[in-house]
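Only one structure is covered here, and it is reproduced in the block below.
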Amino acid sequence: MSNSEPDKATGLHSGDAKPGVAKVDPILKASNVTRKFGGLTAVNVEHVEIPRGAITALIGPNGAGKTTFFNLLTGFDSPDSGTMEFNGKSLSGMRSHQIAKLGQVRTFQLTKALSLLTVLENMKLGATDQAGEKILGSLIPQIWRKQEAEIEKRAGELLERFKLYEKRDDFAASLSGGQRKLLEMARALMTNPTLVMLDEPMAGVNPALTESLLEHVLDLKKEGMTVLFVEHDMHMVRHIADWVIVMAEGEIVAEGPPDQVMKEQAVIDAYLGSHQETDLGVVTGRIEVSDDGEDK
Amino acid sequence: MSQPVVEIKDLYAGYLPGVNILNGANLYANEGELIGIIGPNGAGKSTLLKSMFGMVKIREGSIELNGENIIGLKANKLVAKGVGFVPQNNNVFPSLTIEENLQMGLYQAPSRFTERLEFVTEIFSELGKRLKQRAGSLSGGERQMVAMARALMMEPEVLLLDEPSAGLSPVRQDEAFIRVSDINKAGVTVIMVEQNARRCLQISDRGYVLDQGVDAVTGSGRELMDDPKVVELYLGNLGA
Amino acid sequence: MDWIQILSNTVESILSPVTFAFVLASLGLAMHFGFAGLLNFGIAGFMAIGAYGYAISVLRFDLPWWGGMLVSIVAAIAFAILLGAPTLRLRGDYLAIVTIAAAEIARLLFLTNTFDDFTGSASGLFGYHDSFRAANPIPEGTYGFGPFTYSETDWWVRIFGLAVLAVVIWLLWALSRSPWGRVIKGIREDEDAVRALGKNVFAYKMQALIIGGVFGAMGGVIYALPSAVNPTVYVTSLTFFIWTALLLGGAATVFGPVLGSIIFWVLQAFLTNVLPALAQEGGILESLTSQQASTLRFILVGIGLMLIVIYRPQGIAGDKRELTFVK
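Residue numbers (our numbering), protein chains in the order written: chain A, 28 to 323; chain B, 3 to 242; chain C, 9 to 335.
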């Protein structure tokens with residue numbers, strides 16, 4: 028292992044680690060949340076709590092309802108029933124931009140870097156409470172110039188951190204896929220969120236860039252933010268997640284620290300597969316297994 | 003030495019005028035080989051694959067199938083010549099059943115349907131049981147299966163796969179890779195682009211690492227997996 | 009073929025109130041489509057509301073000319089809210105369909121006999137000029153040179169029109185450079201990304217719809233100011249002419265619509281003069297009457313619009329990266 032293991036948060040739950048277990052300090056709570064599409068029940072979550080200040084992974088097979096649940100939590104979809112609370116405030120009836128204003132920010136599976144804006148403009152867009160964004164205020168530059176300069180400074184610092192500073196005046200369209208991921212993450216941080224929700228942040232990112240993205244996610248935790256992410260990359264999950272929630276067919280089927288959850292047979296059968304630690308070249312018979320074993 | 007099934011030499015290609023994504027890429031595949039293409043984002047992996055199927059503007063270079071130039075040929079001619087392509091997204095017709103999707107794969111030679119269906123359902127046994135199901139109701143991994151099966155209906159000599167494991171859960175990814183290996187063992191030359199470099203190289207006979215539009219490193223699957231430079235730049239250490 | 013006369017008429021059209029009206033309407037459409045990505049196919053409706061709002065206020069309610077203009081602006085705002093409230097949360101195509109219908113409904117309401125007392129129905133409205141003319145500071149006389157020779161009344165209209173144009177251009181320019189403009193640009197590309205950053209996308213789109221609508225209404229006012237309000241003017245083809253002018257100049261820029269409108273209108277003036285003359289002269293158009301030859305220009309506009317959308321959707325002044333309809 029080239030990096031040292033990150034510090035994992037422990038003691039997040041009160042009670043046995045099973046689906047719906049209460050957390051010592053939950054930032055997000057959801058109860059009896061359902062969402063149906065026609066005859067299909069996409070989400071049916073009895074109870075779930077997301078621990079504050081920790082990194083929680085939401086895993087599960089395709090069609091398990093993870094992205095739908097994500098959309099429900101962030102206001103991009105409304106549940107058919109149920110209650111959701113963020114920092115004690117009820118989210119029912121709230122729209123996505125209102126929830127974002129509360130301190131929750133999300134990224135998207137298909138990266139939404141705004142290509143027709145420059146990298147810096149993308150970043151500045153992320154800042155909240157901008158006087159210049161109001162229609163009347165925008166016409167009087169004196170009102171927003173100072174704020175704009177402050178925003179630009181903060182954006183510059185974040186861009187440096189994400190190694191995008193040199194590209195600040197380029198159109199986001201000219202960035203590579205991995206750089207766009209970084210831009211989306213950096214832009215999300217401009218909103219000063221308390222809860223960062225990442226929808227498959229590693230999708231389409233080549234493995235070498237994954238490590239630096241992971242470091243950025245760990246930094247979020249160091250700075251006191253809570254992270255909830257959906258992912259298929261088990262190595263990432265094992266490496267940085269403090270807590271894992273497993274969904275299947277719309278329901279939460281397992282919860283707990285990563286090592287524990289990933290050993291549960293049901294999770295292995297439905298999701299991880301039994302070849303997690305083996306070389307597929309061996310499994311497919313393409314390689315001879317030498318006596319001392321070719322296994323990883 | 004017999005000639006390779008697919009040979010790409012010094013290819014320059016791109017989508018927008020004046021912008022080249024491939025800058026002199028080379029690749030060849032011998033009959034029966036499983037070739038893996040990995041590399042960073044924007045390196046041109048998908049572009050290289052798509053250029054073999056006439057989906058990208060070729061500026062310079064050659065692409066030969068069994069010694070014959072195939073640049074400029076339309077998709078229907080390529081399929082007739084034995085090239086099958088499985089795209090990453092939008093790869094099934096959601097309003098059609100699985101059976102109808104497979105029929106679409108064979109529209110140039112519909113009389114062979116029964117015979118090919120048997121072959122395909124041997125590899126994809128689950129599909130055989132659900133032929134009347136609407137493809138739109140399938141999960142991502144199941145659609146991948148249908149898309150691959152459809153490409154196989156025309157008995158291709160070469161199968162081009164664009165990130166077959168994308169968006170799939172770990173168990174489905176493993177299944178997909180094992181399936182690709184099975185298809186290859188049945189005699190189909192396979193060229194696949196993959197983001198899951200580790201798994202891809204584990205089953206590949208030979209691999210290409212694409213970077214900035216050229217084939218930066220090449221070797222057998224095992225060689226690439228063990229090459230420390232490749233590991234550092236492309237595979238990452240987490241899986242090790 | 010009296011080329012001197014033809015050219016003189018053509019050049020003169022640059023300073024015509026009709027041209028100004030066109031520029032204003034296309035600047036409004038630029039705000040809608042070029043900046044916010046809203047598909048408004050009813051800009052003629054906003055112009056009608058502006059023109060009728062002005063004329064009705066002056067004629068029926070004895071408001072002074074500036075009161076009439078205020079009414080036009082308020083009416084445009086109301087119209088925009090009416091259009092936007094149900095449609096801005098839906099996909100863009102819905103706004104497109106609703107705006108075509110709304111503009112036609114407006115026009116037919118202005119045309120129907122039922123409101124004849126207010127709208128003059130098929131005859132339209134005229135004779136509302138006194139108030140505006142009374143405000144003219146220019147002393148009586150004829151001024152100018154060459155084709156640009158006008159009376160003081162005509163000059164007053166033109167100067168006023170230019171003043172309104174200057175204000176509108178400045179507004180559009182200032183907005184496009186501001187943080188508000190940045191949010192709008194983001195919305196045009198991807199609404200969800202902007203929502204996820206905490207911005208109320210619906211409110212921004214509504215603001216853009218209102219602003220562009222007011223610009224369009226002022227276009228209608230300037231159009232009607234020196235002449236009359238005629239319901240046959242505000243038909244759907246007017247909307248498509250404005251789209252052509254906008255796309256020709258460059259939809260996502262501030263000066264593109266100005267450029268496109270001027271070129272468009274000058275071309276129209278040229279063709280209106282040249283085509284009938286060609287028909288009379290003999291030659292290619294010999295078999296057509298002057299009337300028919302004149303209407304040939306509409307065919308040419310249609311072909312021109314198609315060619316622009318296919319081959320140069322970003323227009324003359326636009327940036328190809330910003331506006332390509334073919335992905």
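Note that CB positions come from ideal geometry on N, CA and C, so glycine has one too.
Being a predicted model, the structure only gives us computed values, none of them experimental.
- In the same chain as Gly204 of chain A, and ignoring 5 residues on each side of it, the C-beta atoms closer than 8 Å to its own belong to Thr138, Gly231, Val232, in chain order.
- DSSP places Ala33 of chain C in the helix class (H, G or I) of the three-state scheme.
- A residue is called buried once 16 or more other Cβ atoms fall within 10 Å of its Cβ, and Val21 of chain B, having fewer, is exposed.
- Taken through DSSP and simplified to helix, strand or coil, Ser301 of chain A comes out as coil.
- At the C-beta level, Met263 of chain A and Thr305 of chain A stay beyond 8 Å of one another.
- Gln299 of chain C counts as exposed, since fewer than 16 other C-beta atoms from the protein chains shown sit within 10 angstroms of its C-beta.
- In this structure Arg118 of chain B is in contact with Glu157 of chain B, their Cβ atoms being roughly 7 Å apart against a cut-off of 8 Å.
- Residues of chain A whose Cβ lies closer than 9 Å to the Cβ of Gln215 of chain C are, in chain order, Ile162.
- With a threshold of 8 Å between beta carbons, Met261 of chain A makes contact with chain B.
- Secondary structure at Val223 of chain A: strand, using DSSP grouped into helix, strand and coil.
- Per DSSP, reduced to three states, the secondary structure at Ala188 of chain B is coil, with no helix or strand assignment.
- Residues of the region 166–180 of chain B that bring their beta carbon within less than 8 Å of a beta carbon in chain A comprise Ala168, Gly169, Leu170, Ser171, Pro172, Val173, Arg174, Gln175, Asp176, Glu177, Phe179, Ile180, in sequence order.
- Residue burial is scored here from C-beta neighbours: Gly65 of chain A has fewer than 16 other C-beta atoms within 10 angstroms and is therefore classed as exposed.
- The alpha-carbon separation between Ala49 of chain A and Lys207 of chain C amounts to approximately 33 Å.
- Residue range 8–16 is occupied by the beta strand (DSSP E) that includes Asp12 of chain B.
- Three or more beta-carbon pairs drawn from the region 161–177 of chain C and the region 138–147 of chain C are found closer than 8 Å, and the two stretches are therefore classed as touching.
- Taking 7 Å as the upper bound on Cβ-Cβ separation, chain A lies near residues Ser141, Gly142, Gly143 of the region 131–146 of chain B.
- The contact set of Pro42 of chain B on chain A, defined by CB atoms closer than 8 Å, consists of Ser203, Gly205, Asn233, Ala235, Leu236 in chain order.
- Looking only at A:Ile126, A:Ala199, A:Leu255, the smallest Cα-Cα distance to Thr83 of chain A is reached by A:Leu255.
- Spatial neighbours of Trp181 of chain C in its own chain (CB-CB distance under 7 Å, excluding positions within 5 residues in sequence) are listed in chain order as Val262.
- Check the Cα spacing between Ala260 of chain C and each of C:Gln13, C:Ala44, C:Leu119: the tightest is with C:Ala44.
- The continuous beta strand (DSSP E) containing Arg61 of chain B extends over residues 59–67.
- At least one C-beta of chain B is nearer than 8 Å to the C-beta of His302 of chain A.
- For Gly115 of chain A, no Cβ of chain B is located within less than 8 Å of the residue's own Cβ.
- Per DSSP, the unbroken beta strand (DSSP E) holding Arg62 of chain A starts and ends at 53–64.
- Residue pairing by DSSP places His266 of chain A opposite no residue, since no beta bridge is assigned to it.
- DSSP, read as helix, strand or coil, puts Lys249 of chain A in helix.
- In the DSSP secondary-structure assignment, His124 of chain A is not bridged to any residue.
- Of all residues in the region 175–190 of chain C, only Leu179, Ala182, Leu183, Arg185, Ser186, Pro187, Trp188, Gly189, Arg190 place a beta-carbon less than 9 Å from a beta-carbon of chain A.
- Gly215 of chain B sits close to Ala45 of chain B, with the two beta carbons spaced by under 8 Å.
- Within the region 63–79 of chain A, contact with chain C at the beta-carbon level (separation under 7 Å) is assigned to no residue.
- Of all residues in the region 188–200 of chain A, those with a C-beta nearer than 8 Å to a C-beta of chain C are Phe198, Ala200, reading in chain order.
- Approximately 15 Å separates the beta-carbon atoms of Asn281 of chain C and Thr27 of chain C; this is outside 8 Å, ruling out the contact.
- One finds Lys139, Leu141 in chain A with Cβ atoms closer than 8 Å to the Cβ of Asp198 of chain C, taken in chain order.
- Contact annotation: Ile72 of chain B and Glu66 of chain B have beta-carbon atoms nearer than 8 Å.
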